[in-house]
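For the sequence shown, position 305 (counting from the first letter as 1) is numbered 305 according to full-length UniProt numbering, and the numbering increases by one without interruption.
The beta-carbon is built from N, C-alpha and C at its ideal position, and this holds for glycine as well.
Keep in mind that this is a model prediction, so the values were computed, not measured.
This report refers to the structure that appears directly beneath it.
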Amino acid sequence: MTPDVRDRADRPFRADPRTVAGGAIPEAAWDRALRLIGRADEIALACHVTPDGDALGSMLAVGFVLRAMGKRVVASFGDHHFVVPRLLRFLPGQDMLVPPQDYPAAPELMITFDVSTFERLGLLRENTARAREVIVVDHHPSNEGFGTLSLIDSTAAATAVLAEQLMYRLGGRLDRDIAVCLYTGLVTDTGSFRHSSTTPAVHQMAARLVATGLRTDEIARELWDRSPFGYLKVLAAALDRAALEDGLVWTYVTRVDRAAHGLPYAELEGIIDIVRRTDEAEVAVVLKEDDQGDWQVSTRSKGNADVGAACAALGGGGHHNAAGYTSHETVEATMDAFRRELGKVGWRRAG
């Protein structure tokens, strides 16, 4: 079904769902997904732990569509400390969210969003293992296909692209709330349309979403232009201990750093984007100690290094230029392991 979206002048703004993504997902997979959704009374949605804009936005957008179809919808993510990151609290639809302990133990149908590995489900792993059917909606090339049905397209700029396509195929109608969720996913995963994944189709999708009347300036302010004062102090500590070595720049943030300024873990997301600006470095790494004492490792590449492959070898995953994983080792051991894997994938150091 071709959706009938109208712009601010109430003119039809049509889009063929078959052209939204690159067509990497077989039609048979889409058809099976629609059948599974059609016959389910309750649908459990999940995204990855410590959700970013693409994960949470994609999940809530599809949740709106499913509720409009008359489905019972429950959504969650498997963090021990179940709190929506502050910068995403503007997203509509959060009444669908429940903590992991209230999530169905054995869902009839479960749909995951932006979850590249089973590990990234966190506390919801056992629920997923007991689910009758699990549809995996994702765009990470490292996705291991842990579900019973994969809607995975690594050519898609964001999981939000696939969420929009699923919405269209379900016959959903794009409204402002759904558009805010999808736009948040699209703009965060394309780096405000700066990343190489930004294509004409990405801008066309953005145009469809903006045409609903959403305020791009307000979304940008929430995502990038707000931080508590404590963030500046923690950022200063991270930058003070930053190290540059042979084309690699890296630093770390401890629980003690955060506790000194009452800063939640979720506030650390943007530090990697500051560190990666270093002209002399091809690869940037930020180690962030979470509330359980593990190191969440964020990596970025400027194109010559496949950090996705390096992170996948260490139990994580992601994309060629942006990836991550969890380490249970010390800072020194974690960086030693990453350097070894980075060396194996081969890369040209910045000169």
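Just to confirm my understanding: we take arginine 255, look at its own chain, exclude 5 residues before and 5 after, and list those with CB closer than 6 Å. What are they? Taking the sequence shown and counting its residues from 1, the one referred to as residue 255 is at position 255. So the list reads Glu289, once near-sequence residues are dropped.
Can you check whether the CB of arginine 226 is closer than 8 Å to the CB of leucine 87? Walking along the sequence shown from the start, residue 87 turns up at place 87. Walking along the sequence shown from the start, residue 226 turns up at place 226. Annotated as proximal: leucine 87 and arginine 226, with beta-carbon spacing under 8 Å.
Under 8 Å, do leucine 174 and alanine 160 count as touching if we go by C-beta distance? Within the sequence shown, numbered from 1, the residue matching residue 174 stands at position 174. Within the sequence shown, numbered from 1, the residue matching residue 160 stands at position 160. For the pair leucine 174 and alanine 160, the CB atoms are not nearer than the 8 Å cut-off.
Can you give the beta carbon distance from valine 283 to valine 307, rounded, assuming they're within the 8 Å contact cut? Start at 1 with the first residue of the sequence shown, and residue 283 comes out as number 283. Start at 1 with the first residue of the sequence shown, and residue 307 comes out as number 307. Contact flag correct, Cβ pair sits at about 6 Å.
Can you list, in chain order, the stretches of the alpha helix (DSSP H) that have 4 or more residues and sit fully within the stretch 61–132? You should have 125–130.
Rounded to a whole number of angstroms, what is the C-alpha to C-alpha distance between alanine 238 and threonine 251? Locating residue 238 in the sequence shown gives position 238, counting from the first residue. Locating residue 251 in the sequence shown gives position 251, counting from the first residue. Straight-line Cα distance between these residues: approximately 6 Å.
What does the alpha-carbon distance come out to for the pair alanine 61 and threonine 199? Walking along the sequence shown from the start, residue 61 turns up at place 61. Walking along the sequence shown from the start, residue 199 turns up at place 199. When the Cα atoms are used, alanine 61 and threonine 199 turn out to be separated by approximately 22 Å.
Where in the stretch 276–302 do unbroken runs of the beta strand (DSSP E), each at least 3 residues long, occur, reported from the N-terminal end onward? The qualifying runs are 283–289 and 295–301.
Taking only three categories from DSSP, how would you classify serine 58? Walking along the sequence shown from the start, residue 58 turns up at place 58. Three-state DSSP puts serine 58 in a helix.
Excluding the 5 residues preceding and the 5 following glycine 303 in the sequence, name in chain order all residues of the same chain whose CB lies nearer than 7 Å to its CB. If you number the sequence shown from 1, residue 303 lands on position 303. Excluding residues within five positions, the ones whose Cβ falls inside 7 Å are Asn321.
Test item: CB-CB of threonine 50 and aspartate 79 under 8 Å: On the sequence shown, position 50 is the one that residue 50 refers to. On the sequence shown, position 79 is the one that residue 79 refers to. Yes, the Cβ-Cβ distance between threonine 50 and aspartate 79 is below 8 Å.
By how many angstroms is the C-alpha of aspartate 246 removed from the C-alpha of proline 100? Taking the sequence shown and counting its residues from 1, one reaches residue 100 at position 100. Taking the sequence shown and counting its residues from 1, one reaches residue 246 at position 246. Taking the Cα positions, proline 100 is about 43 Å away from aspartate 246.
Nearest-angstrom Cα distance between lysine 344 and alanine 310? Within the sequence shown, the letter at position 344 stands for residue 344. Within the sequence shown, the letter at position 310 stands for residue 310. Spanning the two alpha carbons is a distance of roughly 8 Å.
Using the C-alpha atoms, what's the distance from threonine 128 back to leucine 36? To locate residue 36, count along the sequence shown from 1; it is residue 36. To locate residue 128, count along the sequence shown from 1; it is residue 128. When rounded, the distance between both Cα atoms is 16 Å.
Going by C-alpha to C-alpha distance, which of Glu133, Ala158, Gly346 and Thr330 sits closest to serine 150? Within the sequence shown, residue 150 is the residue found at index 150, counting from 1. When the alpha-carbon of serine 150 is set against those of Glu133, Ala158, Gly346 and Thr330, the nearest one is in Glu133.
In whole angstroms, give me the CA-to-CA distance for phenylalanine 338 and glycine 324. Stepping through the sequence shown from its first residue, residue 338 is reached at position 338. Stepping through the sequence shown from its first residue, residue 324 is reached at position 324. Each residue's alpha carbon lies about 11 Å from the other.
Which residues mark the beginning and the end of the alpha helix (DSSP H) in which threonine 199 is found? Within the sequence shown, numbered from 1, the residue matching residue 199 stands at position 199. No alpha helix (DSSP H) holds threonine 199; DSSP gives it neither H nor E.
Assign valine 49 to one of three DSSP states: helix, strand, or coil. Residue numbering aside, residue 49 sits at position 49 when the sequence shown is read from its first letter. Valine 49 falls in the coil class under three-state DSSP.
Figure out for me which residue from Ala131, Trp30 and Ala29 has the closest Cα to the Cα of leucine 109. Against the sequence shown, residue 109 aligns to sequence position 109. Selected option, being the one with the closest Cα: Ala131.
Please return the same chain residues whose Cβ sits closer than 6 Å to the Cβ of glycine 185, not counting the five positions on each side in sequence. Residue 185 sits at position 185 when you count from the first residue of the sequence shown. Cβ-Cβ distances below 6 Å link glycine 185 to Gly53, Asp54, Gly57, Ser58, Ala158 and Ala160 in the same chain, with the five nearest sequence neighbours on each side left out; the list follows chain order.
For serine 327, which residues from the same chain have a beta carbon less than 6 Å from its beta carbon, with the 5 sequence-adjacent residues on both sides left out? Translated into the one-based positions of the sequence shown, residue 327 becomes position 327. Result list for serine 327: Trp295, Val297 and Thr334, in chain order.
So leucine 121 packs on tyrosine 103, CB below 8 Å; how close in whole Å? The residue labelled residue 121 in the question sits at position 121 within the sequence shown. The residue labelled residue 103 in the question sits at position 103 within the sequence shown. Contact flag wrong, Cβ pair sits at about 11 Å.
Buried or exposed: which applies to leucine 263, given that a residue is buried once 16 or more other Cβ atoms fall within 10 Å of its Cβ? Here the question's residue 263 lines up with position 263 in the sequence shown. Taking every protein chain shown into account, the CB of leucine 263 has 16 or more other CB atoms within 10 angstroms, so this residue is buried.
Beta-carbon proximity list for threonine 188, same chain, < 8 Å, skipping 5 on both sides: On the sequence shown, residue 188 is found 188 positions in, with the first residue counted as 1. Result list for threonine 188: Asp52, Gly53, Asp54, Gly57, Ala158 and Leu223, in chain order.
Glycine 93 and aspartate 177: beta carbons closer than 8 Å? In the sequence shown, counting from the first residue as 1, residue 93 sits at position 93. In the sequence shown, counting from the first residue as 1, residue 177 sits at position 177. Yes; because the gap between Cβ atoms is below 8 Å, this pair is in contact.
Could you give the C-beta distance for valine 84 and phenylalanine 113, rounded to a whole number, given that I count them as a contact under 8 Å? Counting from one through the sequence shown, the residue named residue 84 turns up at place 84. Counting from one through the sequence shown, the residue named residue 113 turns up at place 113. In this structure, valine 84 and phenylalanine 113 do not form a Cβ contact; the two beta carbons are roughly 15 Å apart against a cut-off of 8 Å.
Below 7 Å CB to CB, which residues in the same chain sit around valine 73 once its five sequence neighbours on both sides are set aside? In the sequence shown, the residue the question calls residue 73 occupies position 73. Setting aside the 5 residues that flank it on each side, valine 73 is surrounded in the same chain by Ile43, Leu45, Gly63, Leu66, Arg67 and Met96, each with a C-beta closer than 7 Å to its C-beta; the list follows chain order.
How about leucine 244 and alanine 305: are their beta carbons less than 8 Å apart? Counted from its first residue, the sequence shown places residue 244 at position 244. Counted from its first residue, the sequence shown places residue 305 at position 305. Taking 8 Å as the Cβ cut-off, leucine 244 and alanine 305 do not qualify as a contacting pair.
Backbone CA spacing between glutamine 165 and glutamate 27 [nearest angstrom]: Within the sequence shown, numbered from 1, the residue matching residue 165 stands at position 165. Within the sequence shown, numbered from 1, the residue matching residue 27 stands at position 27. Between glutamine 165 and glutamate 27, the alpha-carbon positions lie close to 12 Å from each other.
Write down every uninterrupted run of the alpha helix (DSSP H) in the stretch 166–226 whose length is 4 residues or greater and which is fully enclosed by it, in chain order. The qualifying runs are 176–189, 200–210 and 216–224.
Can you tell which of Arg194, Leu287 and Thr216 has the C-alpha that lies nearest to the C-alpha of leucine 268? Within the sequence shown, the letter at position 268 stands for residue 268. Comparing Cα positions, the closest option is Leu287.
Please determine, among His140, Trp30, Ile111 and Leu162, the residue with the shortest C-alpha to C-alpha distance to alanine 201. Counting from 1 along the sequence shown, the entry for residue 201 is found at position 201. Comparing Cα positions, the closest option is Leu162.
Compare the C-alpha of threonine 190 against each of Pro228, Phe82 and Asp273 and name the closest. Position 190 of the sequence shown, counted from the first residue, corresponds to residue 190. It is Asp273.
Let me check understanding here. Comparing Cα to Cα, which of Ala156, Tyr168, Val115 and Gly172 lies closest to phenylalanine 146? Taking the first residue of the sequence shown as position 1, residue 146 is located at position 146. Answer by Cα proximity: Val115.
Whether valine 180 touches leucine 214 by CB criterion (8 Å): What you label residue 180 is simply residue 180 of the sequence shown in a count that begins at 1. What you label residue 214 is simply residue 214 of the sequence shown in a count that begins at 1. Closer than 8 Å, so yes.
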